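Residue numbers (the working numbering): 1 to 537. Glycine residues also receive a C-beta, built at the ideal position from the N, C-alpha and C atoms. Here the structure is a predicted model, which means the values were calculated and not measured. Notes to accompany the following structure.
Structure representation (structure tokens):
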């Protein structure tokens, strides 16, 4: 490295050291309560508040202006004349400071740089005193005393314009004290004191009167309140006793009500149990009756099958085709009649048992349940109606069966010839003759007197008997138009229609079956064979 470079480096280092050492001395700063005015050079003064800047020595100048509040005691050494001519001394306190804007700081720097705080206070004091004198001349002592605050505010408002011209502002202004040398304020105070004392005495008297009145009223109110309290206490005690009695009564009433409800619930529960028990028994009886009805229906079906079997045997063995058809129709009618009768009797019996069961169930709680009584009546009425319907059904079935039997009998009679009719009449002749001779059965003893010949004694009796028989044949001819003698002569060898005796007996059979159905169900019926009339000729 050559000596020139070393020298240049050394110079640079020295310069740097010089700069580092000089810069702190050149950089000037101020606090937030100060304003720094930099002047010098060709530029206008520079104002810095609470900051810093470089100040070049010998070229620039730095001045510091305080921005803090300054307290000025405003006091007049000579009396100030008020509007009513009273000389008054006034003492007040003002707070002033330099305004913080650049223009006000520049203005204040022009006015006060180089002056201390006392000089600034003195300048501001004189300004405030001048405005204070001017305002005092427009007010009376009484106005001044009555409105200290408005008086001080007027002084501050009027002074602020002149102070602003110096870069200052009045933060506040208050009046501390006023006095005089002529005793005006003292006399004014005495007058006000006397008035105050008089007002105080009047007020005291009024207060005493009001106190006494209030005490009397209070005593009266206390006595009234005490009496009212005693009355209210008595009323409260009576009301409390009444409420206790009412509560006791309500408790007893509710207790009795609850006991009645419990008893009623228990009675209803017992009644419902008895009703359910009766209904269960009734249902059991109904089920048994249904079983019996079903058994009766099955028995009817078995009897119907048995009748059909007997009918088939009858048709196959003895009865001719026409007679078999007639017999089958009759047997079917009879079986249908028996079936209807048995069903009607079963229904009637079931309804009767059901009605009895309902009547028994209703009778159990008839006293406690009116509905049960009505149900019992309805059940009995239903049972009577069922019995009537069953009896009517039986009578109708019996009549229908008899009518059908008579119709079948009439149809069979149409097929009979004279010989068959004669045969039937001959079969009934003994009954006719017996009926005709019935009066003779009343005779106890018969004495025969014979004079001889056929017309006396035993011969006469035989002749009379033959005459009765002959009269019977004549009667038959008159009733039926059949001449038995002629028929027996001409058609003696002709075969009569079968089953005459059976057909003659048919009309009475349905009634017998309707009256003794149990005997028919338990005893088998023999095969019916139509008897033949005796051969005539």
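Across the structure, residue 13 and residue 6 are spaced so that their CA atoms are roughly 11 Å apart.
Three or more beta-carbon pairs separated by less than 8 Å link the stretch 331-351 to the stretch 295-310, which places the two stretches in contact. When beta bridges are read from the DSSP output, residue 173 appears opposite 94. The beta carbon of residue 158 is closer than 6 Å to those of 131 in its chain, skipping five residues each way along the sequence. Within the same chain, 98, 99, 104, 105, 107, 108 and 111 come within 7 Å of residue 167 by CB-CB distance, once the 5 residues on both sides are set aside. A direct Cα-to-Cα measurement between residue 122 and residue 94 gives close to 12 Å.
For residue 33, the three-state secondary structure derived from DSSP is coil. Minimum Cα-Cα distance from residue 333 among the listed residues 431, 404, 145 and 187 corresponds to 404.
Taking 8 Å as the cut-off, the Cβ atoms of residue 80 and residue 120 do not count as close.
Counting other Cβ atoms within 10 Å of its Cβ, residue 289 reaches 16 or more and is therefore classed as buried. Around the CB of residue 151, 16 or more other CB atoms lie within 10 Å, so the residue is classed as buried. Between residue 212 and residue 184, the alpha-carbon positions lie close to 40 Å from each other.
Ranked by how close their Cα comes to the Cα of residue 114, the residues 155, 64 and 156 have 64 in first place. The Cβ atoms of residue 60 and residue 85 do not sit closer than 8 Å to each other. Across the set 398, 102, 247 and 387, the C-alpha of 102 shows the shortest separation from the C-alpha of residue 49.
According to the DSSP assignment, residue 155 belongs to the alpha helix (DSSP H) that extends over 148-164. In the structure shown, residue 430 adopts helical secondary structure according to DSSP, grouped into three states.
Per the C-alpha coordinates, the member of 352, 400 and 397 positioned closest to residue 380 is 352. Residue burial is scored here from C-beta neighbours: residue 278 has at least 16 other C-beta atoms within 10 angstroms and is therefore classed as buried.
The residue from 337, 327 and 154 with its alpha-carbon nearest to that of residue 304 is 337.
Between residue 53 and residue 141, the CB-CB gap reaches or exceeds 8 Å.
Rounded to the nearest angstrom, the gap between the Cα atoms of residue 329 and residue 307 is 12 Å.
In the three-state reduction of the DSSP assignment, residue 378 falls in the helix class, which pools H, G and I.
With contacts defined as CB atoms closer than 8 Å, residue 89 and residue 178 qualify as a contacting pair. For residue 340, the closest C-alpha among the options 96, 398, 285 and 382 is that of 398. Straight across, the Cα-Cα distance linking residue 207 with residue 186 is about 29 Å. At a Cβ-Cβ threshold of 8 Å, residue 124 and residue 56 do not count as neighbours.
The bridge partners DSSP lists for residue 63 are 37.
By the neighbour-count criterion, in which 16 or more other beta carbons inside 10 Å mark a residue as buried, residue 176 falls on the exposed side.
Here residue 70 is bridged, per DSSP, to 96.
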